[in-house]
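Have a look at the structure below, then the notes.
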Amino acid sequence: MRPASLQERHEFYTREFRTNLIREWFRGWMKPIVFAVVIGRHTKIFPARYRGDRDRTVLIDEYDTLQDLRRYCVEFKPESVYYDRNVYKNWDEARRGPGKIEQLGKSFGQQLAFDIDPENFECPIHGTLEEKMNRRQGLSFCRLELQLAQEQALGLVDELSHSFGELRMVYSGRGFHVHVLDEDAFFWTPKRRLKLARSLSHRGYLMDEWVAGGAMRLIRLPHSLNGLVSRVARPLGRVKVRSFDAVTDPFCLPGFSRS
Ligand SMILES: [Zn+2]
6 MRPASLQERH EFYTREFRTN LIREWFRGWM KPIVFAVVIG RHTKIFPARY
56 RGDRDRTVLI DEYDTLQDLR RYCVEFKPES VYYDRNVYKN WDEARRGPGK
106 IEQLGKSFGQ QLAFDIDPEN FECPIHGTLE EKMNRRQGLS FCRLELQLAQ
156 EQALGLVDEL SHSFGELRMV YSGRGFHVHV LDEDAFFWTP KRRLKLARSL
206 SHRGYLMDEW VAGGAMRLIR LPHSLNGLVS RVARPLGRVK VRSFDAVTDP
256 FCLPGFSRS
């Protein structure tokens, strides 16, 4: 797993990025959808003309169709593409110029999601997250940690299925995301979200409370390229996930990694 080059990002967003799958993902979503890209913050790979924007989170909120989103991605060749889980009351309120996420209008709801990252797992070879951080390997992970994250994400889906009706699991290229699509969960208060996240943590689930609690509202866009590792973020069905191998599965390999 290695970062994607600019040429590869270009190739992916020109030829492989499927806007019909994006539309499918957001079926039933209350408009507007705000997207965001990070051009080269982690990879330091970026088009020369966007040097000044390399580390920024650039919001994409002025577009008419998903083909415009594709055009932005072809232009920026980002390492990562996200969407905002917040649902905004008022489009005009939300449109306060690109790039200033703090200035977005008031949201009145947020998609509930959980983020399970492999580096949080204690590994018999690489140790705990703290030990990895001390060796400056905090963001790297091994195959075993990835498997532990996958098993836990599956367990979380089972656990949450007692309380929620519509759940989707996504392999993000790094870890796993579990999205709750039930409409009433969109209107949970931050306090209630945090309470659920904490109770899951107490039962041994290692998750990012910033994501579940709502403070981190951006989440990787399914079907986009994770340019840090050259994998496509994909929703995984229940059957698929049992046999899924995050490292080798062609389901998540972009064309440029298959040859
Ligand atoms: Zn390890």
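Residues 6 to 264 in this note's numbering are what the sequence shown lists, from first letter to last.
Every residue, glycine too, gets a C-beta built ideally from N, C-alpha and C.
query, result
"Verify whether the separation of the beta carbon atoms of Y87 and L223 is less than 8 Å.", "yes"
"Expressed to the nearest angstrom, what Euclidean distance is found between the alpha-carbon atoms of G232 and A53?", "17 Å"
"Find out if the Cβ-Cβ distance for the pair C78, F22 is shorter than 8 Å.", "yes"
"Out of S206, R32, D60, N25, point me to the one whose CA is closest to A41's CA.", "D60"
"Tell me whether C128, by its Cβ, gets closer than 7 Å to a heavy atom of ligand 1.", "yes"
"My guess is that A154 and P123 are in contact by the Cβ rule of under 8 Å, so how many angstroms apart are they, rounded?", "4 Å"
"Going by C-alpha distance, which of F31, S85, R28 is nearest S10?", "S85"
"Between the Cα of K245 and those of R75, T24, M174, spot the shortest distance and give me the residue it belongs to.", "M174"
"What does the alpha-carbon distance come out to for the pair M221 and R198?", "12 Å"
"Check T62 in the structure and name its three-state DSSP category.", "strand"
"With a 10 Å radius around its C-beta and 16 neighbouring C-beta atoms as the bar for buried, classify N139 as buried or exposed.", "exposed"
"Contact check, I130 vs G180 under 8 Å by CB: the rounded distance?", "So it is not a contact: roughly 18 Å between Cβ atoms."
"Please determine, among I38, M6, L149, P8, the residue with the shortest C-alpha to C-alpha distance to L226.", "I38"
"In the DSSP assignment, what are the bridge partners of R225?", "Y87"
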